[in-house]
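Everything on this sheet refers to the single structure shown next.
2 protein chains.
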Amino acid sequence: MTLQQLRYFVAIADSGLNITLAAERVHATQPGLSKQLKQLEDELGMLLFTRRGKSLESITDGGNQVLASARAMLAEAGNIRALAANLRQEAGGELRIATTHTQARFLLPSALAEVKRRYPDVVVRLTPAGDAEVLPLLVEGEADLAIVSTVGPPPSGGLAVPLYRWERVLIVPKGHALAASGQGPTLTQLAQHPLISYESSLRRGSSLRQVFMRAELEPRFALTARDADLITTYVRAGLGVGILAEMAFTAEDAQDLVALDIGTLLPSCTTWLVMARDRVQRDYALQLARALAPQLDVRDLRRALNGEPPERWPDPPHWRERAKASGPL
Amino acid sequence: MTLQQLRYFVAIADSGLNITLAAERVHATQPGLSKQLKQLEDELGMLLFTRRGKSLESITDGGNQVLASARAMLAEAGNIRALAANLRQEAGGELRIATTHTQARFLLPSALAEVKRRYPDVVVRLTPAGDAEVLPLLVEGEADLAIVSTVGPPPSGGLAVPLYRWERVLIVPKGHALAASGQGPTLTQLAQHPLISYESSLRRGSSLRQVFMRAELEPRFALTARDADLITTYVRAGLGVGILAEMAFTAEDAQDLVALDIGTLLPSCTTWLVMARDRVQRDYALQLARALAPQLDVRDLRRALNGEPPERWPDPPHWRERAKASGPL
DNA sequence: CGCGTTTACGTCGTTCGTAACGATA
DNA sequence: TATCGTTACGAACGACGTAAACGCG
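Those sequence lines, one after another, are chains F and R.
FYI, my numbering numbers position 169 of the first sequence as 169, with every residue one higher than the one before it.
FYI, my numbering numbers position 56 of the second sequence as 56, with every residue one higher than the one before it.
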C-alpha cells in the first residue's frame with residue numbers, strides 16, 4: 001500500500017469510476033492507474049470496485065471504507081506538506097476558495113488583492129457555486145476555504161469565522177409604484193409583484209420563502225439567477241422587482257434603479273469564512289482571513305486556523321460599517 | 001513522501017532518536033533509514049531533527065507536528081489493513097492487550113482461551129503494565145486493547161466498555177487478630193497494621209490513600225507489589241495485612257489465609273475494556289469483548305468496536321455474579 | 001577503540017510510459 | 001467503430017543491503 005496507490009484510488013472514485021479520466025487528473029497514464037489499482041486490491045486481498053466485464057461498475061462496501069481512510073491519509077499528507085511549505089516560507093502555492101458569486105464579486109476583490117500583494121506567487125482559484133454546493137466542496141477537499149452566508153447560526157461542516165452581517169434590499173426601477181412612498185413596502189405589497197432573486201431563494205427552507213410562508217403569502221418568482229448583474233438587468237427590463245444583497249447594489253445601478261430598505265421584513269444574513277477542521281492552512285490563508293475580518297484579533301484568527309477557535313466570536317460588523325472597523329494588530 | 005519514510009521517521013522518534021535501534025525494530029538496515037530520513041527532510045525542505053555532529057539531538061518543533069500527522073496516517077493505514085483482513089476473514093493476526101497483572105491473571109485466561117479456540121492462529125501479546133501505564137500504551141498505539149480498573153467514572157483516552165465490578169478484600173493469616181471477630185475491621189483498626197498492597201496504592205490520588213486521608217489517618221505501607229502472589233506471600237511471612245482484589249484470592253490462599261470483607265470501607269472498582277477511538281479492530285477483538293462482557297448485547301459491542309458506543313452502558317455485574325450472567329445472542 | 005552515522009556502490013525490484021490487444025456498447 | 005480497460009514490454013528510477021569511511025566520546 002503506497003500513498004500513490006491510494007491517490008490513484010480516490011482519483012478513480014472521484015472521476016465516476018472512469019480510470020482514463022482519473023489518469024488525466026493525476027497526470028499519469030491510464031495503464032499505470034489500472035495496474036496500481038490491481039496491485040492495491042491484490043495486497044489488500046479484496047475488491048475495491050465491482051466490475052462488469054472490464055468496466056468498473058460500483059464501489060464495494062469495503063471499498064467505501066477504504067476510501068474514507070485513504071482520504072484521511074491523503075489529507076494528512078497534505079497537512080504535512082502545507083506545514084513544511086509554511087515553515088519554509090514558500091512563496092508559491094494554491095488557494096482554492098469556494099464561494100457564491102455575490103461574495104466573489106463584492107467581498108473578495110479587495111481582500112484577494114491584499115493577499116496577492118503579499119504573496120504574488122500564489123495562484124488563487126475561485127470556485128463559484130450555488131449556495132448549497134459551497135460547503136460540500138470544502139468537505140470533499142476540493143477547496144481550502146469556503147465563504148458562505150446564513151441566516152442565524154454558523155454553518156456546520158467546518159470551523160466558521162463570522163465576517164460581517166448584511167441585509168437584503170428591494171430593487172425597483174426609478175418611478176416604480178413601490179418607490180413612490182419613499183420607504184419600503186409591506187410584505188403584502190411585495191407579494192403582489194413578481195420577484196427576481198437568487199436561485200437559492202427557491203429552496204424550500206430559504207429564509208425568503210419562510211418569511212412569506214409565515215405571513216401566509218405565496219411569493220411569485222418571475223426569474224431567479226445566480227448573480228446580481230442578471231437580477232438588476234431583468235429588473236430594468238421590467239420583469240419584476242429584485243431582492244438583492246445590499247453589497248450588490250452599485251453606484252451604476254443607482255442611476256436608474258432604486259434600492260429600498262426592507263430590513264424589517266427579512267432577517268439579516270451573516271457571512272462566514274469556513275475552513276475544514278484539522279486541515280493545516282498555508283500562511284496566506286491567514287492573510288486572507290485577516291483581510292476579510294479586520295475586526296478580529298489576529299491571534300484569535302491564527303488560533304482558529306490551527307483548529308482552536310475561541311469560545312465565542314465577537315458579533316461581526318454590518319457591511320456598511322465594515323470599512324471603518326479595524327482590529328488590533 | 002512515502003509511507004515507508006514516515007514509518008521510519010516515527011520508528012526513529014520512538015527509539016529515542018537512535019537510528020540503529022529503529023532500524024532493528026522495523027527490520028531494515030541503518031543506512032536505509034538514514035537515507036530515507038534525509039530524503040524526507042529534503043522533500044519537505046525542513047529539518048525533522050536537530051543534529052549534534054552526526055547524532056540526532058532532538059526533534060524540531062516542525063518535526064513534532066509532522067510526527068503527529070505521520071502517526072495519524074500510519075494508524076489509518078493500519079485501519080485499512082485491519083479492515084481488509086477482516087473482510088478476507090484472515091485467520092492469523094496479532095492481538096496486543098495492555099493490562100494490569102491482576103486482570104491478566106484472573107480475568108483474561110478464560111476469555112483468551114475462548115478467543116484462541118475460535119482463532120487459533122492469532123498471536124496474543126499480553127503487555128502487563130502498572131495501572132498508570134496501561135492507557136498510554138493504548139494511546140501510543142502499542143496496544144490494541146487495554147483493560148483497566150477505576151473507581152468511579154470510565155477512563156478517558158479511549159472508548160470504554162464496562163466489564164464488571166469488584167471489591168477489595170483484606171487478607172490476613174488465619175488466627176490473626178483482625179480475623180478474630182469474624183468480620184471486617186474499622187478503618188482505624190486497619191491503620192494500625194502495616195499494609196501490603198498494589199504499587200498503584202502509593203500514588204497520591206489512589207482511592208486507598210484517599211479513604212485514609214478523609215478519615216485523617218495515615219496508612220503505613222510495609223510493602224507494595226504488582227501482583228497478588230507477592231502480596232499473599234508477604235502476608236504469610238507476617239510482614240503485614242494485605243489488601244487485594246477479590247478475584248485474586250484463590251482457593252489455595254484460603255488454606256492458610258482469611259479474606260475479610262471490607263466492602264464498606266473502600267469504594268468498589270469497575271474494570272473497563274478500552275479501545276482507541278477510530279481504530280478498526282480485528283474480528284477477534286470483538287470475540288474477546290464478547291467473552292469479557294457476556295452480559296452485553298453483541299450488537300452494542302459490535303457498534304462500539306466501530307466507534308459508536310451506546311449512550312449508556314448497563315451497569316456491569318459484580319465479579320461474584322459474573323459467571324452466571326449471559327447476554328442475548 | 002567502540003558506537004553510531006554518513007558515504008559509496010552495486011543490485012534488485014518496481015514504477016511508469018509506450019504500444020498493442022481485447023471487450024463492450 | 002469508438003471508448004475504455006488489460007496485457008506486454010522496456011527503460012529508468014529508486015529502494016535497499018553490503019562495505020568502508022568518518023566523528024565523537
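Glycine residues also receive a C-beta, built at the ideal position from the N, C-alpha and C atoms.
Predicted, not measured: the structure shown is a model, and the values here were computed from it.
Next on the checklist: Just to confirm the assignment, what range does the beta strand (DSSP E) spanning M275/F have?
Outcome noted: 269 to 275
Checklist entry - Just the Cα atoms here: how many angstroms apart are Q39/F and P128/R? => result 39 Å
Checklist entry - Are any of the Cβ atoms in chain R nearer than 8 Å to that of A13/F? => result no
Next on the checklist: With a threshold of 6 Å on Cβ separation, who are the neighbours of V122/F within its own chain once the five nearest residues in sequence on each side are excluded?
Outcome noted: G93, L95, Y284
Next on the checklist: For R7/R, would you say it is in contact with chain F, using Cβ-to-Cβ distances shorter than 8 Å as the test?
Outcome noted: no
Checklist entry - Does the stretch 42 to 50 of chain R come close enough to the stretch 300 to 313 of chain F to have 3 or more Cβ pairs within less than 8 Å? => result no
Item to check | R96/F, enclosing beta strand (DSSP E) - first and last residue | outcome: 93 to 99
Item to check | Range of the contiguous beta strand (DSSP E) that encloses Y284/R | outcome: First-last for Y284/R: 283 to 292, but that is the alpha helix (DSSP H), not the beta strand (DSSP E).
Checklist entry - Out of Q5/F, L56/F, P109/F, which has the shortest C-alpha to C-alpha gap to N18/F? => result L56/F
Item to check | Given 8 Å, three or more beta-carbon pairs between the stretch 226 to 242 of chain R and the stretch 193 to 204 of chain R | outcome: yes
Checklist entry - Is there a Cβ from chain F that is less than 8 Å from the Cβ of Q65/R? => result yes
Checklist entry - Taking the alpha-carbon positions, what's the F249/R to L163/R distance? => result 19 Å
Next on the checklist: I believe A228/R touches T102/R by the beta-carbon criterion, under 8 Å. Please report the beta-carbon distance rounded to the nearest angstrom.
Outcome noted: 6 Å
Checklist entry - Is the CB of G141/R under 8 Å away from at least one CB in chain F? => result no
Item to check | Residues from the stretch 82 to 96 of chain R in contact with chain F, defined by Cβ distance under 7 Å | outcome: L83, A84, L87, R88
Item to check | Start-end ranges of the alpha helix (DSSP H) lying completely within the stretch 133 to 197 of chain F, minimum 4 residues | outcome: 134 to 139, 187 to 191
Next on the checklist: With H, G and I counted as helix, E and B as strand and the rest as coil, what does DSSP make of G327/F?
Outcome noted: Unreliable positioning characterises G327/F in this predicted model, as indicated by a pLDDT of 43, which lies under 50. The coordinate reading is nonetheless provided below. Correct three-state label for G327/F: coil.
Item to check | D261/F (DSSP reduced to helix, strand or coil) | outcome: strand
Next on the checklist: Just to make sure I have the definition right: I need the residues of chain R whose C-beta is within less than 7 Å of the C-beta of I196/F. Which are they?
Outcome noted: In chain order: nothing, as chain R lies at least about 47 Å away.
Checklist entry - Using the rule of at least 16 other Cβ atoms within 10 Å of the residue's Cβ for burial, across every protein chain shown, is E140/R buried or exposed? => result exposed
Next on the checklist: Going by DSSP in three states, V124/F sits in which element: helix, strand or coil?
Outcome noted: strand
Item to check | Interface residues of chain R facing M1/F [CB-CB closer than 8 Å] | outcome: L3, A77, I80, R81
Checklist entry - According to the Cβ coordinates, are R165/F and T264/F closer than 8 Å? => result no
Item to check | Completely contained beta strand (DSSP E) runs for the stretch 208 to 246 of chain F, where each covers 3 or more residues | outcome: 221 to 225, 241 to 245
Checklist entry - What are the start and end residues of the alpha helix (DSSP H) that includes R118/R? => result 108 to 118
Checklist entry - Does G45/R have its Cβ less than 8 Å from a Cβ in chain F? => result yes
Item to check | Short Cβ contact (8 Å threshold) for N64/R with V280/R | outcome: no
Next on the checklist: Can you determine whether any heavy atom of the ligand ATP sits closer than 7 Å to the C-beta of L286/F, and answer yes or no?
Outcome noted: The ligand ATP is absent from the structure shown, which contains no ligand whatsoever.
Checklist entry - Do T224/R and L257/R have their C-beta atoms closer together than 8 Å? => result no
Checklist entry - Given that M73/F touches chain R, what residues does it touch there, using C-beta distances under 7 Å? => result M73, E76, A77
Checklist entry - Would you report the Cα separation of A91/R and M73/F, rounded to the nearest angstrom? => result 27 Å
Item to check | CB of L286/R within 8 Å of CB of L273/R, strictly | outcome: no
Next on the checklist: Less than 6 Å between C-beta atoms, sequence neighbours within five positions excluded: which residues of the same chain meet that for A82/F?
Outcome noted: V280, R282
Checklist entry - At a Cβ threshold of 8 Å, is G354/F touching chain R? => result Because residue 354/F is not part of the residues shown, which for chain F are 1 to 329, the question remains open.
Next on the checklist: Taking the alpha-carbon of E114/F as reference, which of R312/F, R322/F, R290/F, D297/F has the nearest alpha-carbon?
Outcome noted: R290/F
Next on the checklist: Along the chain, where does the alpha helix (DSSP H) containing L87/F start, and where does it finish?
Outcome noted: 61 to 87
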